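2 protein chains.
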Amino acid sequence: MAKLLRVNMSRLEARFEDVPDKYRLLGGRALTSRIVADEVPPTCHPLGPRNKVVFAPGLLTGTTAPSSGRLSVGGKSPLTGTIKETNAGGITPQQLANLGVKAIIVEGDRPDKNWYTLVVDEAGARLEATPEYAGLGCYELNRRLWERYGEGAGIICIGPAGEMKMAIAGVSTNDSENDPGRYAGRGGMGAVMGAKGLKAIVVKSSKIFDVPVANKEAFKDAQQRLAKALHEHPVSGQTLPSLGTAALVNVINEAGALPTRNFSSGRFEHAARTGGEAMAEAVKQRGGKGKMGHACHPGCVIRCSNIIPDEKGEVLCAPVEYESTWALGANCGIGNLDHIAMLNRLCNDVGLDTIETGVTLGVLMEAGVLAFGDGPRAIDLLDRDVRQGTPLGRILGAGSAVAGKVYGVRRVPAVKGQGMPAYDPRAIKGIGVTYATSSMGADHTAGYAVAANVLKVGGFVDPLKPEGQAELSRNLQIATAYVDSTGLCLFTAFALLDIPDALQATVDMINAMYGTTWTVDDAVAYGKEVLRTEVAFNRAAGFTAAHDRLPEFMYEEKLAPHNEVFDVPDEDLDKVTVF
Amino acid sequence: MAKLLRVNMSRLEARFEDVPDKYRLLGGRALTSRIVADEVPPTCHPLGPRNKVVFAPGLLTGTTAPSSGRLSVGGKSPLTGTIKETNAGGITPQQLANLGVKAIIVEGDRPDKNWYTLVVDEAGARLEATPEYAGLGCYELNRRLWERYGEGAGIICIGPAGEMKMAIAGVSTNDSENDPGRYAGRGGMGAVMGAKGLKAIVVKSSKIFDVPVANKEAFKDAQQRLAKALHEHPVSGQTLPSLGTAALVNVINEAGALPTRNFSSGRFEHAARTGGEAMAEAVKQRGGKGKMGHACHPGCVIRCSNIIPDEKGEVLCAPVEYESTWALGANCGIGNLDHIAMLNRLCNDVGLDTIETGVTLGVLMEAGVLAFGDGPRAIDLLDRDVRQGTPLGRILGAGSAVAGKVYGVRRVPAVKGQGMPAYDPRAIKGIGVTYATSSMGADHTAGYAVAANVLKVGGFVDPLKPEGQAELSRNLQIATAYVDSTGLCLFTAFALLDIPDALQATVDMINAMYGTTWTVDDAVAYGKEVLRTEVAFNRAAGFTAAHDRLPEFMYEEKLAPHNEVFDVPDEDLDKVTVF
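Quick mapping for you: the protein sequence lines, in order, are chains F and E.
Going by the working numbering, the first residue of the first sequence is number -3, and it counts up by one from there.
Going by the working numbering, the first residue of the second sequence is number -3, and it counts up by one from there.
Rendered as structure tokens:
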């Protein structure tokens, strides 16, 4: 029987609890959001003892379901003040599920100034005082943790940024090479770990695919149907495996929606140097440890990830994803892939969300603190200022909205305090609706309207017209809330949107595993319930429709080359969040 | 006939307009809040062209009414995001009223990077490009402005902090010695001036008491009754003239409510060195230009202000008020009056709100950026970091809530982003209700419950009990909204609360001046209408009951010496803002 693992940092106690019946069919985001709503006062201070950080593998995680190894991390965000769910892959989630841990709930606050490591293995769970890890970057920390706890251990950890409670500190998870580059990056959940004194979680299971399934036959059938769909769909079957997520750089640049130099243009003149094709070329030219088609967790059939090599063929950064190459590239006017990869590596090491780091750098560049395009200065800022916690490093670590406030910058591309990802909402209006209305703040994964606006997946809605965007975003937000709860990678969604049997297959797997009799309609209802929970939390925390808006400048300042402003009416936006 | 002066910075145009009938009986805060509600979109960016900054003398300003020379400054606050009214004395308001200017509305944004000065005199109004004033501190700026526009001119200006759009930048007005130490400090209205490129407003009128009054006889009678009441009341007649506002230091310290070292105790061991008695002693010992009983504007009968001399008898700072000596003193653990006065002078020069500066320094001290009690380092921070706009100076200039976010500090004594003034709400619970519920963020002047909680003015409500505090605060907020609209100094309120004829006299003056037939009930209704306007603006800007709360730590952490937490129930707080 799966258990909840409750870790009380005030008492330095880790205890297993039975899973309440109401949580039995919740997983991933549905579970983290429900636990946060049940246990965290919406108006509490995100860095105080009343906030909690919850880790939950998805409903299907730890089975042989393809690409199902995601881990949701939830709590109240120090960045946005909203409820937050951010998820990542890596080798930890499957091990956690196979140890029978349905969720880890970390609460309270350490009684001293020590840094602690939580170890979860077949013998149980225990907190260990590990003051020797204080200040370590994630690369060195991961190395030492494998040395101490054995190779193959799943690691969830924070870097110095999380220790310093920086609001954009992410939560790292490792891949099979023990690279810390898998990040539940958004919303500062690393700062919540830091505030509680939890430096790392080590998870060690000998099994990774053996979570009990009620009807193995039916499960296998559905699993194969999903795998087939993922293979057949051109995005998950071809584009992502060969060029990775960064294949989008040229596509979105072509669409005139690649935010450039702090969202002042939709085209970046050096885009091609920073995209998936350029990465594939670098891997080919430099060889060594470089790799395209890298899997972030065992059993992934998409394998969209990569290892970017340096000139000697050593690992420079693994991976460099679309969002990161954009945030640290086009958005900062940086067109040098090696600089971008180094910035990405530094984010992974000090423990920062790459998206928010790039957006904040863009705001600092707008303020004149450093010049657009100055890669070496940006590298120094991360490696020295953030690591040492200088005032400027702290400002960067506090995110784009705070940096804008500190420097009096009005052009801050953020919603609810969270910086926007790699799609300008004036040129892809559906994603603008998602940015505005998501409970998470500006988030692309919450309702990836780029699919229908640009990629023509799940239909087509003209990206430049306001009509139809609210409905598109709303439907995607519902579907996503379901997918984020299954443990399936969001990149399965391309197939789910276009191939009816694929969505059915996910429901069939859940039925086979849990003995339920869900239909696709139940999956939709499930997604809506997750969203209702999140919206209710935010309302109680003080968020209103006034916060479901894009920044003022995007309603006024036309974006080249389409010369569009964001013009989805407020009334449309207000309809999105009624689930 | 009085006019509105509309200054459009985008067109660099200053034009007089007729006063709409609906504004005829509005003045001071009632007028700034009404204009802001009518003309500023509640969700606009405070530093963008849609925000406005409005300057309005009170209904009685420019007459012979005693202590009636206040100027309200209103707009949307860059610090809080709420509507904001902050007021100051000095020699400008009476001149403005006598020039027939009912309000100055500054809107838009400069078309270039120039700094502008608005000149208002008997010849009209004009904008002058004055790039030579860029970067000047207020002392030197004021000196140059008198040199250029003549001695005796009223000056409203900003220092470098306002130019840099720091969210805690205040608006300076000068006294009769051209000292810039009169501040409409709170809420960053100096940053709004800075965002618009308006460095200064120069006001020159040959008359200061000649605003037309319909019934001079009746006016004179009422004016004399008010003057008598102010003279008779022990606070306005004795304490304030002799010891100034800083007489409160020992009183509030004795009450165990003087926030010390970032609100970690209610008693400061060096309080006596920093209070009114110590100031009077310094004035006596050092002589020279030092003075107690200084009037901030002509016709003030209270004269609560002071000029603190340095060891040579030269002006060190004029004035050092209670709030400033607390913020820069006890709250920072600084017990050296000369350090405090120097910090105050630097705030006046670079253009910062002293309260928010002290509260932010307290948060930075809590974070370990500098040590509690380190006056010289704090002086350096203001004189070098803020003036030069270093990253640390910028953090300080962004206020306590942002500094707390940047440094991951949970103990931030702020509401709606504005730092708390000099009364710990755990030991004076009525003022806690005002902090929590005022539309302005944590503000003591909005409903000065200290009067009944500690000073036994306007009755007595036990400061340590939660009962009765909400009603007390609500009634005071209503009365204050009326007083802030008349142009009368809030220090008239002690007499207004205790001497029934004093409040009647203010109504009689308005009737005599405007030909109205108001009763005291009308004054109450007037105050309520101001508050309704402000609450409605905030609601539309996204504020809810969740924002009408004190910081979490004040509900949990007991304050010495009374060992009390803040325990006024949320339900009580929620009743306050229904007007």
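Note that CB positions come from ideal geometry on N, CA and C, so glycine has one too.
Source: prediction; values computed, not measured.
Between which residues of its own chain and Glu103(F) is the CB-CB distance below 6 Å, once the five residues before and five after are set aside?
Asn4, Lys48
Would you report the Cα separation of Cys296(E) and Ser64(E), rounded to the nearest angstrom?
7 Å
Mapping DSSP to helix, strand and coil, what is Ala442(E)?
coil
Along chain E, which residues have their Cβ under 9 Å away from the Cβ of Glu103(F)?
In chain order: nothing, as chain E lies at least about 15 Å away.
Name the DSSP bridge partner or partners of Met288(F)?
Asn302(F)
Nearest-angstrom Cα separation, counted from Ser201(E) out to Gly193(E)
24 Å
Listed by chain order, chain E residues near Thr39(F) by CB distance under 7 Å
Ala542, Arg545
Can you tell which of Asp497(F), Gly289(F), Ala466(F) has its C-alpha closest to the C-alpha of Ile298(F)?
Gly289(F)
Considering only residues of the region 65 to 112 of chain F, which uninterrupted beta strand (DSSP E) runs meet the minimum length of 3 residues and lie entirely inside it, listed in chain order?
67 to 72, 79 to 84, 97 to 103
DSSP three-state label for Tyr419(E), please.
coil
Under a Cβ-count criterion, where at least 16 other Cβ atoms within 10 Å of its own Cβ denotes burial, should Thr515(F) be classed as buried or exposed?
exposed
Report the neighbours of Pro156(F) on chain E: residues whose CB is nearer than 8 Å to its CB, in chain order.
By Cβ distance, chain E contributes nothing, its closest Cβ being about 12 Å from Pro156(F), past 8 Å.
C-beta neighbour in chain E for Arg406(F), strict 8 Å:
yes
Run through DSSP, which three-state label would Thr169(F) get?
strand
C-beta atoms of Ala196(F) and Tyr129(F) nearer than 8 Å:
yes
Out of curiosity, what's the CA-to-CA distance linking Val69(F) and Val50(F)?
6 Å
Give me whichever residues DSSP pairs with Asn4(E) in a beta bridge.
Glu9(E), Glu103(E)
Since Val316(E) is in the alpha helix (DSSP H), which residue starts that stretch and which ends it?
Where Val316(E) is concerned, there is no enclosing alpha helix (DSSP H), given that its DSSP letter is neither H nor E.
Since Gly622(F) sits in a beta bridge, which residues does DSSP pair it with?
With chain F covering only -3 through 575, there is no way to say anything about residue 622(F).
Gly190(E), buried or exposed, once every other Cβ within 10 Å from all chains shown has been counted against 16:
buried
Residues of chain F with CB under 9 Å from Glu548(E), in chain order?
Pro37, Thr39, Cys40, His41, Gly44, Arg46
Straight-line CA distance for Val311(F) to Gly177(F)?
12 Å
Through-space distance from Met550(F) to Leu569(F), alpha-carbon basis:
15 Å
Arg25(F): buried (16+ other C-beta within 10 angstroms of its C-beta) or exposed?
buried
Starting from Gly120(E), trace the beta strand (DSSP E) both ways and give me its first and last residue.
120 to 125
Between which two residues does the beta strand (DSSP E) harbouring Arg178(F) extend?
178 to 180
Exposed unless 16 or more other CB atoms sit within 10 angstroms - verdict on Glu560(E):
buried
Contacting positions in the region 395 to 425 of chain F - beta carbon closer than 7 Å to chain E:
Val398, Lys401, Val402, Tyr403, Gly404, Arg406
Just tell me which of Arg30(F), Ile204(F), Glu552(F) has its CA closest to the CA of Ile101(F).
Arg30(F)
Would you say Pro89(E) faces chain F, with C-beta separation under 8 Å as the test?
no
Span separating the alpha-carbon of Ile303(E) from that of Asn534(F):
50 Å
Excluding sequence positions up to five away, which residues of its chain have a Cβ less than 7 Å from the Cβ of Gln91(F)?
Gly150, Val199, Lys200, Ser201, Ile204
Closer than 7 Å: is that where the CB of Leu0(E) sits relative to any heavy atom of the ligand SAM?
Within the structure as shown, the ligand SAM is missing, as the structure has no ligands at all.
Return yes when the Cβ of Glu362(F) is within less than 8 Å of the Cβ of Val402(F), no when it is not.
no
Going by CA-CA distance only, name the one from Gly271(F), Ala225(F), Asp217(F) that's closest to Ala243(F).
Gly271(F)
By Cβ distance below 6 Å, which residues in the same chain neighbour Val231(E) in space, the five residues on each side in sequence not counted?
Phe490
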